[in-house]
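In what follows, a single structure is set out as structure tokens and then discussed.
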Amino acid sequence: MQNAPRPARVLAQAQLARNANQPERALAILDAALAKDGGVAEWRYERALLLDDRERVADAERDLRAYLKLKPKSAQGLNALGYILANRTSRIREARELVSRALKLDPDNPMILDSMGWVEYRSGKLEAALRYLQRAHHLMPDPEIAAHLGEVLWKMGRETEARALWARTLEANPDSEIVRRTQQRLMP
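Under my numbering, the first residue of the sequence shown carries the number 886, and numbering increases by one thereafter.
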């Protein structure tokens, strides 16, 4: 295939566009590449993340399921699909199963621990959510994990701890939109 797009180059172009806050351009790059070769798993994964950011849940799910057909033992793919289902749908049981499978494959991955914490939170199991999210935040003090951990602390009535966590996170990451959105949603 002489005109086949080169996987690494396409992925790099899409990620550059995404990082430049040009998600539609990134989607167009991936759409064009997938139209020529739909069997590149990484393109499906990247496009799924972009689609989720655009709240196109069904399209993101479709791409992640296609990705998982190509890479059925991908902890990253299982986690992404499980997190999207937990975060954007009421399909918590399916989300738990997917994230549990990812956690078995990669038990110390902070992003997967965060997802399991979010699944537990969405299930109303705050103590279990807290344990997963504290471990995830300890391994990687990422703003998204801090937003989730703070939300669980807030819901548990530990508002002072949540505020302090968010303040520390914003001091280190002043552009963190997820922390700001979480604060605006929860704080009176």
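Beta carbons are placed, not taken as given, at the ideal position from N, Cα and C, and that holds for glycine. It should be emphasised that the depicted structure is a prediction, and the values quoted were computed from it without experimental measurement.
Cβ-Cβ distance between residue i and residue j below 9 Å
i: Leu998; j: Arg1020; result: yes
i: Arg932; j: Asp922; result: no
i: Ala1032; j: Ile1063; result: yes
i: Ser1000; j: Asn964; result: yes
i: Pro995; j: Leu1024; result: yes
i: Ala942; j: Ile977; result: Residue 942 is actually Val in this sequence, not Ala. Result no, Cβ atoms of Val942 and Ile977 do not sit closer than 9 Å.
i: Glu1029; j: Leu1071; result: no
i: Thr1054; j: Pro1026; result: yes
i: Leu955; j: Arg981; result: no
i: Val925; j: Pro957; result: no
i: Gly962; j: Leu970; result: no
i: Ala918; j: Leu934; result: no
i: Trp1039; j: Ala1049; result: no
Residue i versus residue j: straight-line alpha-carbon distance, rounded
i: Leu915; j: Leu1018; result: 33 Å
i: Arg1007; j: Glu927; result: 29 Å
i: Leu912; j: Gln900; result: 10 Å
i: Gly967; j: Leu1034; result: 18 Å
i: Gln907; j: Val984; result: 29 Å
i: Trp1084; j: Ala920; result: Nothing about residue 1084 can be read from this structure; the chain reaches only from 886 to 1073.
i: Leu936; j: Arg910; result: 12 Å
i: Asp1060; j: Arg986; result: 33 Å
Residue i (DSSP reduced to helix, strand or coil)
i: Lys1010; result: coil
i: Met1001; result: helix
i: Asn972; result: helix
i: Gly967; result: helix
i: Pro1073; result: coil
i: Asp991; result: coil
i: Pro1026; result: coil
i: Lys954; result: helix
i: Arg891; result: coil
i: Ala980; result: helix
i: Asn904; result: helix
i: Ser985; result: helix
In chain order, which continuous runs of the alpha helix (DSSP H) of length 4 or greater are located wholly inside the stretch 911-943? Restricted to the stretch 911-943, the alpha helix (DSSP H) segments that are unbroken, complete and at least 4 residues in length are 926-938, listed in chain order.
Which whole runs of the alpha helix (DSSP H) in the stretch 1026-1063 are 4 residues long or more, in chain order? Secondary structure remark: continuous alpha helix (DSSP H) runs of at least 4 residues inside the stretch 1026-1063, in chain order: 1028-1040 and 1044-1057.
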